[in-house]
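One structure below.
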Amino acid sequence: MRNGHFRTSLILILIILILIPLGCAASDKQMEYTSMKAAAKTKDTAAEDVVHLIVDGGSYVSSLNHDYQMSWHSGMTVADALKTSGAVKLHENQDTIVSVSDVSLDPSMGFSIKLNNKELEIPQQLNKTIYANDKLVIFVEKVKVESSKESKSEITISIKGNNENANKVLTFVIPWPQTAKLSVLLDQFGPIKLSTDGSKIISIWDEKISDPSDVRITNNGKVVSTEQLKATDIAPNSKLTIEWSHMTEKP
Numbered sequence: 003m004r005n006g007h008f009r010t011s012l013i014l015i016l017i018i019l020i021l022i023p024l025g026c027a028a029s030d031k032q033m034e035y036t037s038m039k040a041a042a043k044t045k046d047t048a049a050e051d052v053v054h055l056i057v058d059g060g061s062y063v064s065s066l067n068h069d070y071q072m073s074w075h076s077g078m079t080v081a082d083a084l085k086t087s088g089a090v091k092l093h094e095n096q097d098t099i100v101s102v103s104d105v106s107l108d109p110s111m112g113f114s115i116k117l118n119n120k121e122l123e124i125p126q127q128l129n130k131t132i133y134a135n136d137k138l139v140i141f142v143e144k145v146k147v148e149s150s151k152e153s154k155s156e157i158t159i160s161i162k163g164n165n166e167n168a169n170k171v172l173t174f175v176i177p178w179p180q181t182a183k184l185s186v187l188l189d190q191f192g193p194i195k196l197s198t199d200g201s202k203i204i205s206i207w208d209e210k211i212s213d214p215s216d217v218r219i220t221n222n223g224k225v226v227s228t229e230q231l232k233a234t235d236i237a238p239n240s241k242l243t244i245e246w247s248h249m250t251e252k253p
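Just add 2 to wherever you are in the sequence shown, counting from 1, and you've got our numbering.
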């Protein structure tokens with residue numbers, strides 16, 4: 003009986019001694035698996051820290067279609083991402099896009115930017131902070147031309163010389179005086195001198211005009227007679243041409 007109990011106890015001890023190393027090995031493998039899983043997760047997280055840039059030339063520049071992916075870092079701005087791509091060239095003032103993939107646009111077109119499908123205001127938002135996985139899209143669109151008084155505020159005056167200088171043409175651009183009549187405009191224009199009543203031109207470049215018929219005035223291609231000087235309104239962007247055909251003594 004004693005021998006039987008002894009053998010049973012010995013067998014149990016041997017079994018325990020065998021199972022302990024196996025348990026430790028399993029624990030080590032579990033720890034190794036957990037470590038590998040954590041490392042993989044860290045790697046995946048790092049791989050997600052990027053910014054996407056899509057260039058879409060649309061129907062205007064159909065060949066301009068590219069995808070870029072840049073590493074993201076904390077504090078990165080839109081301008082930083084554009085420069086990092088290597089494809090976008092910004093103006094030295096960092097306020098406009100000069101070219102994309104060495105493609106420049108004519109003045110009627112322009113590059114615009116969307117951040118996560120929302121169009122940005124350029125240049126105000128080029129310094130906007132971006133984050134990991136943000137998506138930037140550069141696209142081409144027509145430049146919007148807004149009409150304004152400033153764009154219609156000039157008058158062009160061309161003076162053609164006398165017979166001896168028939169090929170001499172001097173052109174001036176002056177501010178549009180809005181409600182001024184032609185006589186008032188000419189009276190305020192340095193090279194021209196009008197009579198005291200504003201009814202005729204008496205000198206051009208200090209050359210005396212003795213005969214009003216020696217001077218020919220056109221307003222946007224339409225001849226203006228001496229009698230019409232005080233009655234003719236000058237519209238924005240008008241083009242005046244003054245020609246005189248004889249030179250007489252200086253006043």
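By construction, the Cβ of each residue, glycine as well, lies at the ideal position given by its N, Cα and C atoms.
Go to residue i, then tell me how far its alpha helix (DSSP H) extends in each direction, as first and last residue.
i: S185; result: 184-189
i: V80; result: 80-87
Whole-angstrom Cβ separation of residue i and residue j, contact assumed at under 8 Å?
i: L184; j: I236; result: 6 Å
i: S201; j: K232; result: 7 Å
i: M2; j: I140; result: Outside the modelled stretch of the chain, which goes from 3 to 253, sits residue 2, for which no answer is possible.
Can you list, in chain order, the residues of its chain whose CB lies under 7 Å from that of residue i, leaving out five sequence neighbours each side?
i: N118; result: D136, K137
i: A81; result: L92, Q96, L128, N129
i: G59; result: S65, L66, N67, V142
When the Cα atoms are used, what is the spatial distance from residue i to residue j?
i: N129; j: V90; result: 15 Å
i: S1; j: S110; result: Because the chain is modelled from 3 through 253, residue 1 falls outside the range shown and cannot be assessed.
i: E94; j: P177; result: 32 Å
i: I124; j: F113; result: 10 Å
i: H75; j: D51; result: 8 Å
i: S247; j: I206; result: 11 Å
i: V186; j: I211; result: 19 Å
In three-state terms, what does DSSP make of residue i?
i: Q230; result: helix
i: D58; result: strand
i: S215; result: helix
i: V90; result: strand
For the beta strand (DSSP E) containing residue i, list its first residue and its last residue.
i: S101; result: 99-102
i: I132; result: I132 -> no beta strand (DSSP E), and no H or E assigned at all.
i: S69; result: Rather than Ser, the amino acid found at residue 69 in this sequence is Asp. 67-73 is the span of the beta strand (DSSP E), which, as asked, contains D69.
i: E245; result: 241-246
For residue i, which residues of its own chain have a beta-carbon under 6 Å away from its beta-carbon, when the five flanking residues on both sides are left out?
i: I157; result: I176, W178, S240
i: T173; result: S160
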